[in-house]
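Colleague: Going by my numbering, the sequence shown opens with residue 97, and the numbers climb by one from there. Idealized CB from N, CA, C, for every residue including glycine. If you scroll down you'll find the structure; I have some questions about it.
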Amino acid sequence: MAKLASLVYTITARSANYVGLIFQRTTSSEQKATPNFSVTLGVVPDYLFGGPGLRIDGATEGRPGANAGLEAGDVILKIGDIAIDDIYAYMTALGAFKKGDTTSISYSRDGNVIESEITF
Numbered sequence: 097m098a099k100l101a102s103l104v105y106t107i108t109a110r111s112a113n114y115v116g117l118i119f120q121r122t123t124s125s126e127q128k129a130t131p132n133f134s135v136t137l138g139v140v141p142d143y144l145f146g147g148p149g150l151r152i153d154g155a156t157e158g159r160p161g162a163n164a165g166l167e168a169g170d171v172i173l174k175i176g177d178i179a180i181d182d183i184y185a186y187m188t189a190l191g192a193f194k195k196g197d198t199t200s201i202s203y204s205r206d207g208n209v210i211e212s213e214i215t216f
């Protein structure tokens with residue numbers, strides 16, 4: 097019980113002298129905007145992958161990605177003329193297409209680059 101009382105006293109005493117957090121502006125004000133897009137590949141991105149490219153954890157059967165041959169573990173390198181360096185480039189690329197559009201997609205699987213046609 098004495099330890100608890102001592103802890104409560106210490107916290108109370110320190111908080112009485114607490115000044116608070118001081119706001120500091122970050123060094124970079126550049127923030128990537130999320131692009132709007134109306135099509136998807138039907139894939140699950142691997143958000144922990146450091147790139148280059150966008151590795152996928154899975155592709156939904158019957159969706160454009162699976163129809164183009166994408167599988168879990170593939171790394172998307174290019175959609176149309178847009179190089180995919182990260183998830184932001186991937187979303188930008190999706191924003192360039194609409195439902196029914198057909199383009200090329202390049203991806204890496206087991207060290208081999210594969211190019212396929214994809215229809216959104």
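#1: Could you give the uninterrupted runs of the alpha helix (DSSP H) lying entirely in the stretch 136-215, keeping only those of 4 residues or more?
#2: If you count every other CB in all the chains shown that lies within 10 Å of the CB of I172, and 16 or more means buried, which is it?
#3: Note the first and the last residue of the continuous alpha helix (DSSP H) segment covering S102.
#4: Among G146, T215, I152 and I118, which has the Cα closest to the Cα of V140?
#5: Buried or exposed for G95, please, with buried defined as at least 16 other CB atoms from any protein chain shown within 10 angstroms of its CB.
#6: Would the beta-carbon of L166 fall within 8 Å of that of L137?
#7: Mark I201 as exposed unless 16 or more other C-beta atoms lie within 10 angstroms of its C-beta, in which case mark it buried.
Modeller: Reading from the atomic positions:
#1: Listed in chain order, the complete alpha helix (DSSP H) runs (minimum 4 residues) inside the stretch 136-215 are 160-163 and 183-191.
#2: With 16 or more other Cβ atoms within 10 Å, it is buried.
#3: For S102, the uninterrupted alpha helix (DSSP H) run begins and ends at A98 to A112, by DSSP.
#4: Of G146, T215, I152 and I118, the residue nearest in Cα terms is I152.
#5: Outside the displayed span of the chain (97 to 216) sits residue 95, for which this structure offers no information.
#6: Against a cut-off of 8 Å, the Cβ pair of L137 and L166 comes out as a contact.
#7: Buried is the call here.
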